[in-house]
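FYI, the numbering for the sequence shown is 1107 to 1452, going by the numbering used here. Accompanying notes for the structure given below.
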Amino acid sequence: MKALQYREIGAEPVVVDVPTPEPGPGQVLLRVDAAGVCHSDIAVMGWPAEQYRYPLPMTLGHEGVGTVVGLADGAQGVAEGDRVAVYGPWGCGVCRMCAQGKENYCLRAAELGITPPGLGHDGAMAEYMLVDDARHLVPLGDLDPVQAVPLTDAGLTPYHAVKASLPKLVAGSTALVIGTGGLGHVAVQLLRALTPARVVAVDVSEDKLALARRVGAHETLLSGPETAAQVREITGGEGTRAAFDFVGAQPTVELAGAVAGVESDVTIVGIAGGTLPVGFGSTAFEVAVRAPYWGTRDELIEVLDLARAGLVGVHVERFGIDDGPQAYRALHHGEVDGRAVILPNG
Ligand code: NAD
Ligand code: ZN
Ligand code: ZN
């Protein structure tokens, strides 16, 4: 089968022929319908050899949707022919966090060597993929696989982030979204669907801001030296009640901290390495700063239900698997509007 693999530190991913995997005990084999292209993969492929901690070669893809085509002994709960979305942040299934569906925060994943598909072992950018347990699968129902696949990360991650701030996003409040790419353009929609907040979006690209407006942002600002003052002005001087940073670089984290109002939330989702000092006087009083990772199993079910209800819709650009390297190039150059999705089976 064809697979898009990262094979050499610092090199582009390549399409190669690999054996079709066979499900072992408890595993489910999927024919992959669609796989999403996340900026985190670019970060991983940018790690120098000293920092790189996954196996090579590795099939990319931590957003996957597929059809069940094989079940090994011990795999139950799904049937051949079922269309499913893969919940990516696998955990042990047993610890205190996993027991709550928070497998993204599994307490034993590192110790047991459990990693997400595409971020530690072979992922969804292949004609077929293995899933270790039927527990990691959510029925897709009548959702379109290409539209739905980004919801497993570009939907789930902002959903988890936004959900934590819902009590603060009451009428009259302002929410800030920094970076309106794959995750950010879904965050704007989630904020509109779930809160009465005024949504302000910031990006370095006019195209991305146009998308943000199309999906519901009330105000859009091109990032620049005046951005913090402009956001403050929009809030009547009070500052934001929740700021979500989908870039996570030093200037964007500083922007989120600078505009954060009293008792507000700052959520750093982007992994570009920026840090925000927290201490008395460094932000407004009682600002809560968090850096979450992905989302929980039940939240993925909720996100798919939001899509089914027509309340969120991902803007997708389709690529065949042979054009996979091009999809990553386009994302790297900021040329993808919304999410790039690879269709490994055409
Ligand atoms: P993307 O490339 O689709 O979107 C990033 C957006 O940020 C683009 O629209 C870009 O124009 C904009 N941007 C870049 N620099 C900016 C700046 N200085 N100011 C304002 N906007 C800027 O990326 P994505 O796939 O949506 O991922 C976003 C970030 O979230 C990445 O860092 C990714 O690694 C991270 N991520 C984190 C988690 C998590 O669990 N914490 C999960 C998935 C992705
Ligand atoms: Zn991701
Ligand atoms: Zn666990």
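No residue lacks a Cβ here, since even glycine has one placed at the ideal position from N, Cα and C. Quick caveat: nothing in here was measured; it's all calculated off a predicted structure.
Beta carbon of residue i nearer than 7 Å to that of residue j
| i | j | result |
| --- | --- | --- |
| Ala1293 | Pro1264 | yes |
| Ala1366 | Gly1345 | yes |
| Leu1282 | Ala1349 | yes |
| Thr1373 | Ala1267 | yes |
| Gly1167 | Gly1229 | yes |
| Val1150 | Asp1428 | no |
| Gly1197 | Ala1215 | yes |
| His1324 | Val1308 | no |
| Leu1136 | Met1235 | yes |
| Glu1169 | Val1255 | yes |
| Gly1285 | Phe1352 | yes |
| Leu1257 | Ala1140 | no |
| Gln1356 | Gly1322 | no |
| Glu1423 | Val1442 | yes |
| Val1244 | Ile1407 | yes |
| Ala1299 | Leu1410 | no |
| Thr1341 | Thr1301 | no |
| Val1138 | Pro1450 | yes |
| Leu1361 | Thr1333 | yes |
| Pro1119 | Pro1431 | yes |
Outcome for residue i when other beta-carbon atoms lying within 10 angstroms are tallied against a minimum of 16
| i | result |
| --- | --- |
| His1439 | exposed |
| Pro1222 | buried |
| Gly1261 | buried |
| Arg1113 | exposed |
| Thr1494 | Any question about residue 1494 goes unanswered here, given that the chain covers just 1107 to 1452. |
| Val1276 | exposed |
| Tyr1434 | buried |
| Pro1331 | exposed |
| Val1368 | exposed |
| Phe1391 | exposed |
| Trp1153 | exposed |
| Ala1501 | Nothing about residue 1501 can be reported from this structure: the residues present for the chain run from 1107 to 1452 only. |
| Thr1381 | exposed |
| Arg1320 | exposed |
| Pro1273 | exposed |
| Ala1335 | exposed |
| Arg1347 | buried |
| Arg1445 | buried |
| Ala1364 | buried |
| Tyr1399 | exposed |
| Gly1343 | exposed |
| Val1200 | exposed |
| Ala1117 | exposed |
| Gln1133 | buried |
| Gly1183 | exposed |
| Asp1371 | buried |
| Asp1179 | exposed |
| Cys1259 | The question names Cys, yet the displayed sequence has Asp at residue 1259. Classification for Asp1259: buried. |
| Gly1452 | exposed |
| Gly1354 | buried |
DSSP beta-bridge partners of residue i
| i | result |
| --- | --- |
| Ala1140 | Val1171 |
| His1227 | Pro1223 |
| Glu1233 | Answer is none; Glu1233 lacks a bridge partner. |
| Thr1346 | Ala1366 |
| Arg1189 | Thr1173 |
| Val1255 | Bridge partners of Val1255: none, in fact. |
| Val1122 | Ala1109 |
| Phe1425 | Ile1448 |
| Glu1325 | Val1306 |
| Asp1371 | Ala1348 and Ala1394 |
| Val1283 | Ala1307 and Phe1350 |
| Leu1243 | Val1192 |
| Val1337 | Beta-bridge pairing links Val1337 to no other residue. |
| Leu1382 | DSSP, once it has assigned bridges, lists no residue as partnering Leu1382. |
| Thr1165 | Gln1111 |
| Leu1300 | BP columns for Leu1300 are empty, so no partner. |
| Val1134 | Leu1177 and Val1237 |
Any C-beta of chain C under 7 Å from that of residue i
| i | result |
| --- | --- |
| Leu1249 | Absent from the structure: chain C. Only one protein chain is present. |
Check: residue i C-beta below 6 Å from any heavy atom of ligand 4
| i | result |
| --- | --- |
| Leu1289 | Looking at this structure, you won't find ligand 4 anywhere; what it does contain is ligand 1, ligand 2 and ligand 3. |
Chain-ordered residues, beta carbon under 7 Å from a heavy atom of ligand 3: Gly1197, Cys1198, Gly1199, Val1200, Cys1201, Met1203, Cys1204, Glu1209, Cys1212, Leu1213, Arg1214 and Ala1215
Beta carbon nearer than 6 Å to a non-hydrogen atom of ligand 2: Cys1144, Ser1146, His1168 and Asp1259
Any 3 or more C-beta pairs closer than 8 Å across the stretch 1145-1154 and the stretch 1235-1245: no
Contact between the stretch 1244-1263 and the stretch 1181-1191 (3+ Cβ pairs under 8 Å): yes
Inter-stretch contact at 8 Å, needing at least 3 Cβ pairs: the stretch 1376-1394 / the stretch 1213-1228: no
Inter-stretch contact (C-beta, 8 Å, three-pair minimum) for the stretch 1196-1214 and the stretch 1390-1406: yes
Stretch pair the stretch 1149-1160 + the stretch 1107-1123: three plus CB contacts closer than 8 Å: yes
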